[in-house]
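Here's the structure we're looking at; comments come further down.
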Amino acid sequence: MFHTFIFICLWHLIDGVKIVSVMEGDSVTLHTDIIVSKVPRYYMSHIEWTFGPEQTYIARVRWRNEETFRYYYDDRFRDRLQVDNQTGSLTIRNIRTTESGLYQMYCLFTTESFNVTVYAHLPVPVITRSESPSVSKCVFLCSVLNVSDVILSWYKGNSLLSSISVSDLSISLSLPLEVEYEDKNAYSCVLSNPISNQTQHLDISEVSQTCTDSVKCHSFTEAVIRLVISAVVGMATVIIVVYDIRSRRAERSGEHDHTS
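If you want it as structure tokens, here you go:
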């Protein structure tokens, strides 16, 4: 289906800042535009990397007498950083969602910035049947828990029917779908973010069977209710008739006694 897409990492440039999207747990390399072999060594005596708005130092590389010395800081990254001594590019292994943010590289003649967004792995949406006010239609609910920066959508074949999005962490996200009980189209619910998606298909045979059962159940219930109402009305009618007959007999008996 056309809406199925998976990318490991996305790059683009906005106002001089490279925008990087990556999946949690993956490795990502922040590629600089530096080629050490083509830059005078004087200008490449050192490279520094910082992270976050506080510009906390996380890595530093120095060249002395053709030797390369690497220094790594900040315990949150521990042994997961690596700086390339040819380009100064920074590799982060097993990246975490808490490590989203601004990374900056500094050297004597240039500065480069990277805005990194780390996306969590997406859960598979869950489809359940909900109550429908119509006897000829079925309502299905597609739901996910604990998600952020995602879009939840219903598709009929390749056509988008409806969608809902959330940016901040949401405890629950749900989207309903109403279909005719004899509908034979293919439906799917898709949870997506900019670099991945999870799809749950709605079984057409399940739709037909579930909705047919619902209609049968509704019809049976309706028939039972009508039968009960008819029985109650019938009993009430009998009671009224009996009461009326007894009342008339009592009146006639009273009139006869009074005449005597």
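Here the sequence shown stands for residues -16 to -1, 1 to 244, where the numbers follow mature numbering (1 follows the signal peptide of the UniProt record, and there is no 0).
Beta carbons are placed, not taken as given, at the ideal position from N, Cα and C, and that holds for glycine.
Per DSSP, reduced to three states, the secondary structure at Thr13 is strand. Looking at the DSSP output, Phe35 bridges to Thr40, Tyr87. Val108 counts as exposed, since fewer than 16 other beta carbons sit within 10 angstroms of its beta carbon.
Asn177 is classed as buried because its beta carbon has at least 16 other beta carbons within 10 Å across all chains shown. A distance below 6 Å between beta-carbons, with the five flanking residues on each side excluded, links Leu136 to the following residues of its chain, in chain order: Ile148, Leu157, Leu159, Leu175. Taking 8 Å as the cut-off, the Cβ atoms of Ala104 and Glu38 do not count as close. Inter-segment contact for the stretch 67 to 85 and the stretch 115 to 125 is absent: fewer than three beta-carbon pairs are separated by less than 8 Å.
Spanning the alpha carbons of Val102 and Glu166 requires a straight line of approximately 43 Å. Going by C-alpha positions, Thr71 is about 11 Å away from Val45.
For Thr95, the three-state secondary structure derived from DSSP is strand. In terms of CA proximity to Thr94, Trp33 leads the group Asn130, Asn169, Trp33, Ala43. Shown here, Thr71 sits in coil according to DSSP, grouped into three states, outside any helix or strand. With contacts defined by Cβ atoms closer than 8 Å, Ile42 and Asp68 do not form a contacting pair. Taking every protein chain shown into account, the CB of Val110 has fewer than 16 other CB atoms within 10 angstroms, so this residue is exposed. A direct Cα-to-Cα measurement between Leu74 and Gln182 gives close to 30 Å.
Nearest Cα to Arg77 within the set Trp138, Gly36, Asp10, Ser143: Asp10. Taking the Cβ atoms as the reference, Ser132 lies roughly 7 Å from Ser154, within the contact range of under 8 Å. Put simply, the backbone Cα of Thr81 is about 22 Å away from that of Thr16. By alpha-carbon distance to Arg64, the top candidate from Asp187, Val12, Gly(-1) is Val12. A direct Cα-Cα distance of roughly 28 Å separates Glu164 from Leu129.
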